[in-house]
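Just so you know, we're using UniProt numbering here: the sequence shown kicks off at 1 and counts up by one. Everything below concerns the one structure shown next.
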Amino acid sequence: MHLDAWLPRAAALRPDHPALVTAAGTTTYAQLHAAASAAAAALAARGVGPGDRVALALPPGEPFVAALHGSLLLGAAVLPIDTRLSPAEREPRTAGAAVLVDEPLARPAGASDPPLRERLDPGAVATVLYTSGTTAAPKPVELTVANWQWNALGSALALGLDPADRWLCTLPLSHVGGLSILLRSAIYGTTVVLHERFEAERAAHALQHDGVTLVSLVATTLQRVLDAGAEHPPHLRVALIGGGPLAPALAARARAAGFPAAQTYGMTEACSQVTTSLAGEPETAGRPLTGQQVELAPDGEILVRGETVARGALAADDWLHTGDLGALDARGRLIVTGRKADTIVSGGENVAPQEVEAVLLAHPAVADAAVHGVPDAEWGEAVVATVVLRAPADGASPAGARTPHTAAAAAPPGATTPPGATTSPGATTPPGATTSPGATTPPAADALAAELRAHVAARLARFKVPKRIAFADSLPRTASGKLLRRALR
Numbered sequence: 001m002h003l004d005a006w007l008p009r010a011a012a013l014r015p016d017h018p019a020l021v022t023a024a025g026t027t028t029y030a031q032l033h034a035a036a037s038a039a040a041a042a043l044a045a046r047g048v049g050p051g052d053r054v055a056l057a058l059p060p061g062e063p064f065v066a067a068l069h070g071s072l073l074l075g076a077a078v079l080p081i082d083t084r085l086s087p088a089e090r091e092p093r094t095a096g097a098a099v100l101v102d103e104p105l106a107r108p109a110g111a112s113d114p115p116l117r118e119r120l121d122p123g124a125v126a127t128v129l130y131t132s133g134t135t136a137a138p139k140p141v142e143l144t145v146a147n148w149q150w151n152a153l154g155s156a157l158a159l160g161l162d163p164a165d166r167w168l169c170t171l172p173l174s175h176v177g178g179l180s181i182l183l184r185s186a187i188y189g190t191t192v193v194l195h196e197r198f199e200a201e202r203a204a205h206a207l208q209h210d211g212v213t214l215v216s217l218v219a220t221t222l223q224r225v226l227d228a229g230a231e232h233p234p235h236l237r238v239a240l241i242g243g244g245p246l247a248p249a250l251a252a253r254a255r256a257a258g259f260p261a262a263q264t265y266g267m268t269e270a271c272s273q274v275t276t277s278l279a280g281e282p283e284t285a286g287r288p289l290t291g292q293q294v295e296l297a298p299d300g301e302i303l304v305r306g307e308t309v310a311r312g313a314l315a316a317d318d319w320l321h322t323g324d325l326g327a328l329d330a331r332g333r334l335i336v337t338g339r340k341a342d343t344i345v346s347g348g349e350n351v352a353p354q355e356v357e358a359v360l361l362a363h364p365a366v367a368d369a370a371v372h373g374v375p376d377a378e379w380g381e382a383v384v385a386t387v388v389l390r391a392p393a394d395g396a397s398p399a400g401a402r403t404p405h406t407a408a409a410a411a412p413p414g415a416t417t418p419p420g421a422t423t424s425p426g427a428t429t430p431p432g433a434t435t436s437p438g439a440t441t442p443p444a445a446d447a448l449a450a451e452l453r454a455h456v457a458a459r460l461a462r463f464k465v466p467k468r469i470a471f472a473d474s475l476p477r478t479a480s481g482k483l484l485r486r487a488l489r
């Protein structure tokens, strides 16, 4: 069995329909097909052929999209590279590539047109993507034409499909979340509104004025778009929220602002989406997409298999072991509770960091929060939190506290302090920990920390209450917005 090549099919059916909207202008499907054909000729002139890997180190824009489809037209696999990586970081990722494309491709003068694929082999590798590496070193994942075709089908059935759809993409194209928007839209023949990077004000403007019907965000960027004033976007029918749990307080804020949020759970190894909630019902991650199967292991680990799972990702039991923990409600909807590797064992009790984070995020003074464990002589592991405070409109710190950005976080013996972290209000510095020279903890911050701990204690068991709370300007996250908890340890 073979499938129609995605871009040629869209160009034949909708030649004058916008394929891509960027800061440089609008590109129709006919124009994109011509640009991709020129890119294919340039790649062929450099020796690229079927089965080769093409590393793309281009910023989001028409040159990237043309090179992406030009590679597929030759039967080559695309390996997107994060342009922010240093040469040393790029080298191991590009080692197996036939070419590295870091400049826009143009048809060579006098070059003959190479044979282009009008049909695609479902089993052929289409992309090679690296995992986000939140708990381990990033690893390459090969996704086939069939994986992407099933991803597009499952997403369309879950979210609905309108020929007039315009999907706003602010995610990195080296990440499965960003790349999936480009490929799904080509399969559908719909429009991508592509931003080179996430900028809250620009994204908010696009949602209000550029006819955007779908947008993919993470909780952090959703909050920033709302802070930028986006409200009741006139055409938006789904705001897909991934990369981690959506706090109830933020979900309620999105609902009040007219954002039809849908929480989604996915990963690179499963070609992005695995489950998705109904729009406007983001309390869970929803049900599995068509072609997907989700079960829970005895220890609560989420297991996945189906048509979008990458070959080589399945364990001996024929399941993808995600490393995530979850539960299924009475309606079969998935609730993601955390990472197995992130579970804190304090005094013999298991603590899920995400549960504590959700409670902290419900406090009006808290904009962002991360919870993790540190070695502790008494408890085995102690629960600690790093908090980013919300900036009040009048510039004063919440609860009258001055945000203590000059102090170092209290830490266990031998531990290091995350950049930007501050001393844990109300905590003492244990032997062996370091503090910034001359740093002090303002009394108002002590009071705020006590207030936050009391807030958690009123809602969760005592053993889940953070022993220490540190303050920071921001939290470490991956390019796709996932929390890098290990960077705080």
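Glycine residues also receive a C-beta, built at the ideal position from the N, C-alpha and C atoms.
Residue i: first and last residue of the uninterrupted alpha helix (DSSP H) it sits in
i, result
"Arg-224", "219-227"
"Val-65", "62-73"
"Gly-178", "176-188"
"Val-356", "353-361"
"Arg-202", "200-209"
"residue 500", "Because the chain spans 1 through 489 in this model, residue 500 falls outside it and cannot be assessed."
Residue burial classification, residue i (beta-carbon count within 10 angstroms, cutoff 16)
i, result
"Glu-307", "buried"
"Ala-111", "exposed"
"His-372", "buried"
"His-209", "exposed"
"Glu-201", "exposed"
"Gly-177", "buried"
"Glu-378", "exposed"
"His-69", "buried"
"Asp-102", "exposed"
"His-2", "exposed"
"Ala-450", "exposed"
"Ser-474", "exposed"
"Glu-269", "buried"
"Arg-197", "exposed"
"Asp-299", "exposed"
"residue 495", "In the structure as shown, the chain begins at 1 and stops at 489. Residue 495 is therefore absent and cannot be evaluated."
"Pro-92", "exposed"
"Ser-480", "buried"
"Ser-86", "exposed"
"Thr-26", "exposed"
"Gly-266", "buried"
"Ala-316", "exposed"
"Lys-464", "buried"
"Pro-172", "buried"
Cross-strand partners of residue i (DSSP beta bridge)
i, result
"Arg-84", "Partner(s): none; Arg-84 has no beta bridge."
"Trp-167", "Val-192 and Leu-214"
"Glu-301", "Leu-325"
"Ser-155", "For Ser-155, which the question treats as bridged, DSSP gives no partner whatsoever."
"Met-267", "Ser-272"
"Ala-41", "Bridge partners of Ala-41: none, in fact."
"Pro-288", "Thr-275"
"Asn-350", "Val-345"
"Arg-477", "Leu-483"
"Thr-26", "Val-21"
"Thr-386", "Ala-370 and Ala-470"
"Gln-293", "Arg-305"
"Leu-100", "Ala-55"
"Leu-173", "In DSSP, Leu-173 forms no bridge with anything."
Integer Cβ distance of residue i from residue j, believed to fall under 8 Å
i, j, result
"Leu-325", "Gly-338", "5 Å"
"Asn-147", "Ser-180", "The pair is not a contact, with the Cβ atoms about 10 Å apart (cut-off 8 Å)."
"Val-383", "Ile-344", "6 Å"
"Arg-107", "Asp-342", "Not a contact, Cβ separation roughly 50 Å."
"Leu-74", "Gly-49", "6 Å"
"Ile-335", "Ala-369", "About 19 Å; that fails the 8 Å criterion."
"Lys-340", "Glu-301", "6 Å"
Extent of the continuous beta strand (DSSP E) run through residue i
i, result
"Gly-338", "334-339"
"Pro-248", "That residue, Pro-248, is in no beta strand (DSSP E); its alpha helix (DSSP H) goes 248-256."
"Pro-140", "140-144"
"Pro-375", "366-376"
"Phe-471", "468-471"
"Val-48", "No beta strand (DSSP E) holds Val-48; DSSP gives it neither H nor E."
"Leu-56", "53-56"
"Val-125", "125-130"
"Gly-160", "Segment: none, Gly-160 is in no beta strand (DSSP E) and carries neither H nor E."
Notebook entry, point to check: If you pair each beta-carbon of the stretch 246-265 with each one of the stretch 219-237, do three or more pairs fall below 8 Å?
Noted result: Per the Cβ contact rule, the stretch 246-265 is in contact with the stretch 219-237 (3 or more Cβ pairs under 8 Å).
Margin query: Can you confirm whether the stretch 150-162 touches the stretch 267-279 when touching is taken to mean that 3 or more C-beta pairs between the two stretches lie within less than 8 Å?
Written below: Touching, per the Cβ criterion.
Item checked: Three or more C-beta pairs below 8 Å linking the stretch 459-472 and the stretch 162-169 -> With the cut-off at 8 Å, the stretch 459-472 and the stretch 162-169 do not touch.
Check: Is there contact between the stretch 48-58 and the stretch 1-21, where contact requires at least three CB pairs shorter than 8 Å?
Finding: Per the Cβ contact rule, the stretch 48-58 is not in contact with the stretch 1-21 (fewer than 3 Cβ pairs under 8 Å).
Margin query: Taking 8 Å as the cut-off, does the stretch 180-193 touch the stretch 89-99 (at least 3 CB pairs, one atom from each stretch)?
Written below: They do not touch, by the three-pair rule.
Next item on the list: Give a yes or no on contact between the stretch 111-122 and the stretch 39-51, applying the rule of three or more CB pairs nearer than 8 Å.
Entry: The stretch 111-122 vs the stretch 39-51: in contact.
Checklist line | Any 3 or more C-beta pairs closer than 8 Å across the stretch 212-225 and the stretch 241-255 | finding: A contact exists between the stretch 212-225 and the stretch 241-255.
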